[in-house]
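Undergrad:
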Amino acid sequence: TGVDSYLNQSAGYFVRERLMIDVELLIKAERKKHNSSNLGVNSAFNNKEHQLGIGTELRYYFGKRGNKRFPSAGISSLWSIYSRTYNSNSNNFSTNITSKGSGASITPYAGYSWLIGKRWLIEPAVMGNFNTNNATSKSINLNGNNSTVTNYEYKYKSTSVAGIRLNVSFTL
Numbered sequence: 016t017g018v019d020s021y022l023n024q025s026a027g028y029f030v031r032e033r034l035m036i037d038v039e040l041l042i043k044a045e046r047k048k049h050n051s052s053n054l055g056v057n058s059a060f061n062n063k064e065h066q067l068g069i070g071t072e073l074r075y076y077f078g079k080r081g082n083k084r085f086p087s088a089g090i091s092s093l094w095s096i097y098s099r100t101y102n103s104n105s106n107n108f109s110t111n112i113t114s115k116g117s118g119a120s121i122t123p124y125a126g127y128s129w130l131i132g133k134r135w136l137i138e139p140a141v142m143g144n145f146n147t148n149n150a151t152s153k154s155i156n157l158n159g160n161n162s163t164v165t166n167y168e169y170k171y172k173s174t175s176v177a178g179i180r181l182n183v184s185f186t187l
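According to this note's numbering, the sequence shown is numbered sequentially starting from 16.
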């Protein structure tokens with residue numbers, strides 16, 4: 016079971032006709048729990064994550080002024096800080112991992128925009144996401160009376176994901 020709360024607010028401004036720049040604010044809180052008993056082994060895990068980020072986006076709308084449907088393309092960037100806690104228990108063995116770090120991502124996208132009424136816009140798009148992370152972690156493993164503590168730092172060179180995004184916007 017889990018609870019995810021994810022808020023990504025943005026505010027944009029047209030600097031030229033059909034060219035918009037916006038600023039984004041990301042707030043994320045996630046909590047997941049799992050308990051099971053299988054073949055005499057009792058196990059449980061608890062995962063928590065908090066993330067705060069800020070970013071920018073540049074978006075261009077193609078087509079004639081006054082159209083209700085038109086293609087669009089853009090690129091967004093995001094920098095964030097995060098903390099994660101992972102706890103797992105299985106019979107006499109337990110692991111506790113805490114990590115804190117920061118990351119940056121760039122997301123190019125292309126899609127189509129539909130104006131609904133005078134103020135609402137729906138924008139599905141195909142996107143790619145490229146990101147990098149730096150983090151420090153501490154791991155504590157307990158096995159009966161034995162315990163180990165490991166501190167480590169890791170860097171992801173880069174990861175990438177392709178996907179679909181959906182924006183729903185309104186104008187003032």
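Glycine residues also receive a C-beta, built at the ideal position from the N, C-alpha and C atoms.
What's the C-alpha gap between Ser-103 and Asn-82?
TA: Here residue 103 refers to the residue found at position 88 of the sequence shown. Here residue 82 refers to the residue found at position 67 of the sequence shown. Approximately 55 Å between the Cα atoms of the pair.
Undergrad: At which residues does the beta strand (DSSP E) containing Arg-33 begin and terminate?
TA: Here residue 33 corresponds to residue number 18 of the sequence shown, with the count starting at 1. Segment: none, Arg-33 is in no beta strand (DSSP E) and carries neither H nor E.
Undergrad: Going along the chain, which residues of its own chain have a beta-carbon closer than 8 Å to the beta-carbon of Trp-129, five neighbours each way excluded?
TA: As a first step, residue 129 must be located in the sequence shown, where it is residue number 114. Excluding sequence neighbours, Trp-129 sits near Lys-83, Arg-84, Leu-136, Ile-137 and Glu-138.
Undergrad: In this structure, how does DSSP classify Arg-80 when only helix, strand and coil are distinguished?
TA: The sequence position of residue 80 within the sequence shown is 65, counting from 1. In this structure, Arg-80 counts as coil in the three-state DSSP scheme.
Undergrad: Apart from the five residues just before and just after Asn-50, which ones in its own chain have a Cβ nearer than 6 Å to its Cβ?
TA: Start at 1 with the first residue of the sequence shown, and residue 50 comes out as number 35. These residues qualify, in order along the chain: Ala-59.
Undergrad: Over the uninterrupted beta strand (DSSP E) stretch that includes Thr-186, give me the two end residues.
TA: Numbered from 1 along the sequence shown, position 171 holds the residue referred to as residue 186. Where Thr-186 is concerned, there is no enclosing beta strand (DSSP E), given that its DSSP letter is neither H nor E.
Undergrad: Under three-state DSSP, which class holds Lys-115?
TA: What you label residue 115 is simply residue 100 of the sequence shown in a count that begins at 1. Lys-115 falls in the strand class under three-state DSSP.
Undergrad: Are Glu-45 and Asn-23 touching if we call contact CB-CB under 9 Å?
TA: Translated into positions along the sequence shown, residue 45 becomes position 30. Translated into positions along the sequence shown, residue 23 becomes position 8. No, they are not a contact pair.
Undergrad: Leaving out five residues on either side along the sequence, give the residues of the same chain with a beta carbon under 7 Å from the beta carbon of Thr-174.
TA: Position 159 of the sequence shown holds residue 174. So the list reads Asn-146, once near-sequence residues are dropped.
Undergrad: Go ahead and pull the three-state DSSP assignment for Val-134.
TA: As a first step, residue 134 must be located in the sequence shown, where it is residue number 119. Sequence inspection shows Arg at residue 134; the Val mentioned does not correspond to that position. Coil.
Undergrad: I need the straight-line Cα distance from Ile-179 to Lys-153, nearest angstrom please.
TA: Mapped onto the sequence shown, residue 179 falls at position 164. Mapped onto the sequence shown, residue 153 falls at position 138. Distance between the alpha carbons of Ile-179 and Lys-153 is about 34 Å.
Undergrad: Give me, in chain order, the residues of the same chain whose beta-carbon lies closer than 8 Å to that of Val-183; leave out the 5 immediate sequence neighbours on both sides.
TA: Numbered from 1 along the sequence shown, position 168 holds the residue referred to as residue 183. Correct list, in chain order: Trp-135, Leu-136, Ile-137 and Glu-138.
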